[in-house]
Structure formats: C-alpha cells, structure tokens
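K.L.:
Here it is: the structure, laid out below.
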Amino acid sequence: MSFDFNYATLAGVVAAAEEAGCPISEAVLVQQAAAMEISAEELYGQMRGRLQVMDECIEPGCAPDLRSTSGLTGGGAHKVREAVRAGFSLTGGLMAGALYRALAVSELNASMGRIVAAPTAGSCGILPAAVLAMRDERGLSERACVMSLFTAAAVGLVIERNACLAGAQGGCQAECGSAAAMAAAALVELAGGTPAQAADAVSIALQNVLGLVCDPVAGLVEIPCIKRNASGVAGAVVAAELALAGVPADIPADESIAALRRVGNAMPAALRETADGGLATTPTGRAMMEQVFGPQDGGATAGGCAACGRCS
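If you count the sequence shown from 1, position 47 lands on 206 in my numbering, and the numbers rise without skipping.
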C-alpha cells in the first residue's frame, strides 16, 4: 500500500485514508516512511520512543515538591491528582486524569525536565495528557497510542503549512490551540471514530480557541501557559466527544485553520508572546516579573519572552 497525498489540506489526508479504508494514522505512517526513505517499522519505533518520553514525564511532573526554575509554578499536578484520588474531582475519569497529566508535563517543562514538544514546549502537556489518560482509562494498547500520535502529527503538519504553531507568530491559539486540535484527532481515533470525525474534532477544537492570546507573565512559559495546557486538553476532549456523537463542525477543518492564520496575523505584537500585554501587564504580573528578574527600568515587560532564554 502506498499513498501519494501531501499535507496541503486536512481534507486531502482524510480522503486518502477513507479511500484506503484505514485510519489516518496508518496512511500517515506509510506515507511518511516513504518520504523519509526509512521503513515503517523504524518510523514507528521513533514515535514509540516519543510516547515513552511522554509517559516518563507524568510521575516526576506530579512530584509535590516540583518547582520551576523561576519559582513561580509547580506542584499543581500533584494537587489535582491527589484530589482525583481522594474522590474530590468534579469530572473524574478521563477528564480529571487528562487535567493532571497536562499539568504534570507542563510543570516538568518549566522545571527544565525532559519533554516532547507537541507541537511546542509551551503546549507540551496537551497531547500526552489526552493519549495517556485515554490509555489508562480505557486500557488501550501501546500500539494504538503510538499510532494515534501519527494522526496528531498529520494535523500538526497541516496547521504548520497553512497557519503557524508559534505563539510569537499567532498567539496561544497557535500553540495550545493547535495542540488541542492534534489531541482531539488522536482521541477520536483512539475511540474508534472515523477520519471524517477526526477532522470535525480538529475544527471544533480550533473554533473554540480562536483569538486566544499569548501573554506570558515575566516572559516565561509558565503563567498562564501551564493552566492553558489543562484547558487545552479539556477542549480536546469536548471536541472529540461532540465529533464522535456525530455533531458536525459546520466549518470545515481547513477553513478553521485558515481562520487561525488570519486571526493570528491580525493580533497586535503585544499579544504575541512579547509579555507586553494581557496578563503579563496586570499589577500581579508586573510584580512577578520583578520577583524573578528584579526592578525593571522599562517596566514589567523589559526583555519580553527572551528573559528566560528559551523558545516555547
């Protein structure tokens, strides 16, 4: 079996999978292996390694004494997991499990732990949380989880080609929004949904975050980024749930991706990872900037996102 599609549109990927009568992941694995001139088995092994790294983030990310390098964040995943275990969760099950996993991976990132950018470090918790929570809640196989990452990757490739993935270019809608769309598609496949339903989930996830700005407090990928990973995976679950029930996206995924690009281009620079607007310029946000970096002659936004020396 061979595939000749590219990632110019998600509709093209879906059509190729439907024509072959297979999940999106199988089509992507075969197509990408051929494009990279390696065997499907080797490429699968690479993706399996990424899943393993994602899985290895959860326990250290849930440590009660985990703190970020700045000291601003940490310990949230532990608190949510303990609440779930004590039966104090409002949602329970898949959703609650996904929430603490999203925080765990994001908080581990902020403490300079080893993570998988999925698709960015700033949105690293969303896809792992969705897949791993689904695995543990439904008892899914490792292979199913690895394959779902290929479906997520296809969504990311289409968004990257037609819009963007970086908060500095398109706001948080491009980072956590894209990650939520990728996770939504993975969830649909893991639940046995169709390629068309996966595309609907992608579109719904993106529609629900259009306009989300990137306003990191103190220029660090911590506040509100970490909590947005939790809300991002919640949005992915919502989108997948609706799509699996047969609720249409109304606006096709490729049109939602194009809207993502236009909205990102329309955002002022102050709302695109510069820490010159939004939550970063609140009184508390300014105080946190000074707590980490000391008094700023140019105000709380001096240095912007370059203050941490990292890219989200």
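Glycine included, C-beta positions come from ideal geometry on N, C-alpha and C.
In this text, all values refer to a predicted model and were calculated from it rather than measured experimentally.
Please tell me whether residue 304 and residue 210 are closer than 7 Å, where the distance is taken between their beta carbons.
P.N.:
Contact flag set, yes.
K.L.:
By DSSP's criteria, residue 373 is part of a beta bridge. Which residues make up the other side?
P.N.:
For residue 373, which the question treats as bridged, DSSP gives the partners 431.
K.L.:
Considering only the alpha carbon of each residue, which of 364, 206, 270, 323 lies closest to residue 412?
P.N.:
For residue 412, the nearest C-alpha among the options comes from 364.
K.L.:
For residue 368, which of helix, strand or coil comes out of DSSP?
P.N.:
Reduced to three states, the DSSP call for residue 368 is coil.
K.L.:
For residue 257, is the classification buried or exposed, using 16 other Cβ atoms within 10 angstroms of its Cβ as the cut-off for buried?
P.N.:
With 16 or more other Cβ atoms within 10 Å, it is buried.
K.L.:
When the Cα of residue 348 is compared with those of 321, 299, 367, which residue comes out closest?
P.N.:
Measuring from the Cα of residue 348, the nearest candidate turns out to be 299.
K.L.:
Any chance the stretch 194–206 sits against the stretch 245–257, with 3 or more Cβ pairs inside 8 Å?
P.N.:
Not touching, per the Cβ criterion.
K.L.:
When the distance is taken between beta carbons, is residue 313 closer than 7 Å to residue 183?
P.N.:
Result yes, Cβ atoms of residue 183 and residue 313 sit closer than 7 Å.
K.L.:
In or out: residue 337 buried (at least 16 other Cβ within 10 Å) or exposed?
P.N.:
Counting Cβ neighbours within 10 Å, residue 337 comes out buried, since at least 16 surround it.
K.L.:
Are the beta-carbon atoms belonging to residue 326 and residue 432 less than 7 Å from one another?
P.N.:
Against a cut-off of 7 Å, the Cβ pair of residue 432 and residue 326 comes out as a contact.
K.L.:
What are the boundary residues of the alpha helix (DSSP H) that residue 160 is part of?
P.N.:
No alpha helix (DSSP H) contains residue 160, which DSSP labels as neither H nor E.
K.L.:
Using CA coordinates, which residue listed in 394, 168, 438 is at the minimum distance from residue 366?
P.N.:
If we check each option's Cα against that of residue 366, 394 comes out closest.
K.L.:
Count the other CB atoms, across all protein chains shown, that sit within 10 Å of the CB of residue 218; report buried if there are 16 or more and exposed otherwise.
P.N.:
Exposed, since its Cβ has fewer than 16 Cβ neighbours within 10 Å.
K.L.:
Taking C-beta to C-beta, are residue 289 and residue 212 nearer than 7 Å?
P.N.:
No, the Cβ-Cβ distance between residue 289 and residue 212 is not below 7 Å.
K.L.:
Is the beta carbon of residue 164 sitting closer than 7 Å to the one on residue 189?
P.N.:
Not a contact, by the Cβ cut-off of 7 Å.
K.L.:
Quick one: what does DSSP say residue 274 is sitting in, helix, strand or coil?
P.N.:
Residue 274: coil per DSSP, three-state reduction.
K.L.:
Expressed to the nearest angstrom, what Euclidean distance is found between the alpha-carbon atoms of residue 316 and residue 192?
P.N.:
Approximately 15 Å, taken between the alpha carbons.
K.L.:
Could I get the ranges of all uninterrupted alpha helix (DSSP H) runs contained in the stretch 317–388, with 4 residues as the minimum, in chain order?
P.N.:
Fully enclosed alpha helix (DSSP H) runs of 4 or longer: 326–329, 331–349, 354–366.
K.L.:
So, residue 291 versus residue 332, is the Cβ gap smaller than 7 Å?
P.N.:
Their beta carbons are not under 7 Å apart, which means residue 291 does not touch residue 332 by this criterion.
K.L.:
When the Cα of residue 230 is compared with those of 450, 351, 385, 296, which residue comes out closest?
P.N.:
Looking at the Cα atoms, 450 is the closest of the given residues.
K.L.:
How would you write the range of the alpha helix (DSSP H) that residue 286 sits in, first residue to last?
P.N.:
First-last of the alpha helix (DSSP H) with residue 286: 285–297.
K.L.:
To the nearest angstrom, how far is the alpha carbon of residue 279 from that of residue 207?
P.N.:
Cα to Cα, the separation comes out at about 18 Å.
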